[in-house]
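Quick note: the sequence shown, position 279, residue 278 per numbering that gives the first Met the number 0, numbers continuous.
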Amino acid sequence: MGAVSISPATTEGEAATSLAIRNAVAPAFAASEADEADAKAWYREHLELVASLDGEPVGAALVALEPGRESRRSAQLEVAVLPTSRRRGAGGGLCRAASAWARERGLETIEAWICDEDPDGLAFATGRGFVPVQREGRLALDLAGLEPPPATPPAGVSIVTLAERPDLLEALHAIACEAFPDIPGEGDIEPPGFDEWRDAYMGGTGDSPDATFVALERGRPVGYAKLHLSGARPGVVVHDITAVRRDRRRRGIARALKAAEIAWSIAAGYERLETANEARNEPIRRLNEKLGYRELPGRTLVRGPLVP
Ligand SMILES: CC(C)(COP(=O)(O)OP(=O)(O)OC[C@H]1O[C@@H](n2cnc3c(N)ncnc32)[C@H](O)[C@@H]1OP(=O)(O)O)[C@@H](O)C(=O)NCCC(=O)NCCS
0 MGAVSISPAT TEGEAATSLA IRNAVAPAFA ASEADEADAK AWYREHLELV
50 ASLDGEPVGA ALVALEPGRE SRRSAQLEVA VLPTSRRRGA GGGLCRAASA
100 WARERGLETI EAWICDEDPD GLAFATGRGF VPVQREGRLA LDLAGLEPPP
150 ATPPAGVSIV TLAERPDLLE ALHAIACEAF PDIPGEGDIE PPGFDEWRDA
200 YMGGTGDSPD ATFVALERGR PVGYAKLHLS GARPGVVVHD ITAVRRDRRR
250 RGIARALKAA EIAWSIAAGY ERLETANEAR NEPIRRLNEK LGYRELPGRT
300 LVRGPLVP
């Protein structure tokens with residue numbers, strides 16, 4: 000049996016290999032090279048690793064410190080080994096190297112998302128003492144031949160795009176800071192300051208002011224919803240955030256924003272809209288159900304101790 004070697008991905012070619020392996024193992028969550036560059040620019044720090052068997056790359060990991068999550072004292076890990084090369088020690092080796100990096104930074108635990116479609120992941124994690132802490136369902140709306148739902152905002156509310164009203168950006172930041180802590184599982188995350196939010200949440204390659212919709216009530220922003228446009232999966236567009244001011248909820252504003260996103264996606268020629276909802280997020284789950292989204296396999300966030 001060949002020997003496993005773990006090494007940091009330091010060149011562009013090694014980083015591309017790492018991304019290709021992670022995308023092959025979790026195609027439903029595939030990232031484009033541009034998405035990946037955005038994420039790396041956002042992380043406080045990160046380390047990328049490649050696992051090889053007899054000199055052939057068969058596994059990859061990206062371990063990072065995500066801004067706002069410092070109080071968790073946890074590193075965020077993505078780890079993937081190609082199905083044909085499993086049970087040979089590559090995954091364990093990647094976790095040990097990621098743990099050593101996290102330990103050097105004074106962290107105590109690791110968090111990783113495990114896809115339902117890949118049951119080996121959960122068995123691997125629970126065997127190392129990881130426990131589920133968060134659950135995300137995935138949903139899809141097939142757009143071919145779909146009649147867009149009626150975009151009828153409540154009285155006094157109109158929908159514009161951020162491209163039409165770029166002056167609204169600061170007001171959207173205030174709405175985001177109100178909404179983020181209300182998303183189950185995200186309550187402990189420190190909301191980003193304006194500059195970080197503008198760059199990381201609104202200024203990525205997949206963000207577009209044309210695909211960002213703002214609800215105005217008598218001229219004042221009360222909610223927004225945006226799409227993430229990634230080249231990773233052709234024909235697929237993903238909902239990013241939907242956020243409505245706390246004092247304006249349950250009036251049909253989110254429904255009107257989502258209707259605008261659906262109409263935009265159909266007009267732009269996309270085949271499918273996807274979204275991920277935290278299992279405890281009753282409001283958005285019910286709204287998506289009403290709009291006709293169908294369930295897909297989801298994923299589970301597990302947290303566990305650093306590997307010795
Ligand atoms: C989710 C959110 C955007 C909904 O905004 P909203 O404007 O209140 O939603 P709407 O009034 O358009 O609701 C439309 C439907 O969604 C469902 N819904 C909305 N809020 C709900 C709640 N608190 N409980 C149960 N169902 C709810 C209902 O089916 C509702 O239709 P109904 O009022 O006819 O029953 C808002 O609660 C919010 O900003 N939450 C924090 C951010 C978040 O979790 N975003 C989603 C993940 S990105």
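Built from N, CA and C at the ideal position, the CB exists for glycine as well.
Residue interval of the alpha helix (DSSP H) (run including G92): For this step, residue 92 is matched to residue 93 along the sequence shown. Here the alpha helix (DSSP H) through G92 covers A89 to E103.
For A154, three-class secondary structure by DSSP: Walking along the sequence shown from the start, residue 154 turns up at place 155. In this structure, A154 counts as coil in the three-state DSSP scheme.
Terminal residues of the continuous beta strand (DSSP E) containing N276? The count along the sequence shown starts at 1 and reaches residue 276 at position 277. Going by DSSP, N276 is part of the beta strand (DSSP E) stretching over R271 to E277.
With distances taken from CA atoms, which of V132, R68 and G12 is nearest E47? Residue mapping note: residue 47 aligns to position 48 of the sequence shown, counting from 1. The shortest Cα separation from E47 among V132, R68 and G12 belongs to G12.
State yes or no: is the C-beta of A29 within less than 8 Å of the C-beta of R298? Translated into the one-based positions of the sequence shown, residue 29 becomes position 30. Translated into the one-based positions of the sequence shown, residue 298 becomes position 299. Contact flag unset, no.
Looking at the structure shown, is A19 part of a helix, part of a strand, or coil, going by DSSP? By one-based count along the sequence shown, residue 19 stands at place 20. Helix.
Hey, quick one: how far does the beta strand (DSSP E) through S6 stretch, first residue to last? Within the sequence shown, numbered from 1, the residue matching residue 6 stands at position 7. Element bounds for S6: V3 to P7.
Whose C-alpha, out of E281, G234, E146 and Y223, is nearest the C-alpha of G268? Within the sequence shown, the letter at position 269 stands for residue 268. When each option's Cα is compared against that of G268, the closest is G234.
Under the three-state DSSP convention, the category A240 falls into: Taking the sequence shown and counting its residues from 1, the one referred to as residue 240 is at position 241. In the sequence under discussion, the amino acid at residue 240 is Ile, which differs from the Ala named in the question. Strand, per DSSP.
Status (buried if at least 16 other CB within 10 Å, exposed otherwise) for R250: One-based indexing of the sequence shown puts residue 250 at position 251. The residue is buried, with at least 16 neighbouring Cβ atoms inside 10 Å.
Measuring only the C-alpha atoms, how far is R219 from T241? For the purposes of this step, residue 219 is taken as residue 220 along the sequence shown, with counting starting at 1. For the purposes of this step, residue 241 is taken as residue 242 along the sequence shown, with counting starting at 1. Cα to Cα, the separation comes out at about 17 Å.
From S207 to V159, what does the alpha carbon distance come to, in whole angstroms? For this step, residue 207 is matched to residue 208 along the sequence shown. For this step, residue 159 is matched to residue 160 along the sequence shown. So the alpha carbons of these two residues sit roughly 13 Å apart.
Judging by CA-CA distance, which residue of A74, R71 and G91 is the nearest neighbour of V80? Within the sequence shown, numbered from 1, the residue matching residue 80 stands at position 81. Taking only the C-alpha atoms, the option nearest V80 is G91.
What residues in its chain sit with their C-beta under 7 Å from that of R95, if we drop five residues either side in the sequence? Counting from 1 along the sequence shown, the entry for residue 95 is found at position 96. Here the set comprises V306.
With which residues is W41 paired in a DSSP beta bridge? The residue labelled residue 41 in the question sits at position 42 within the sequence shown. The bridge partners DSSP lists for W41 come to none.
Between which two residues does the beta strand (DSSP E) holding A59 run? Residue mapping note: residue 59 aligns to position 60 of the sequence shown, counting from 1. E55 to L64 is the extent of the beta strand (DSSP E) around A59.
Residues that DSSP places opposite E135 in a beta bridge: Translated into the one-based positions of the sequence shown, residue 135 becomes position 136. Answer is E277 and R298.
Specify whether the stretch 184–204 and the stretch 148–155 touch according to this definition: at least 3 beta carbon pairs, one from each stretch, less than 8 Å apart. Short answer: they don't touch.
Segment contact, 8 Å Cβ cut-off, at least three pairs: the stretch 138–150 with the stretch 280–298: yes
Please say whether V156 and E216 have beta carbons closer to each other than 8 Å? If you number the sequence shown from 1, residue 216 lands on position 217. If you number the sequence shown from 1, residue 156 lands on position 157. Yes, the pair counts as a contact, with Cβ atoms nearer than the cut-off.
Strand pairing of W112, partner residues [DSSP]: For this step, residue 112 is matched to residue 113 along the sequence shown. Partner(s): L300.
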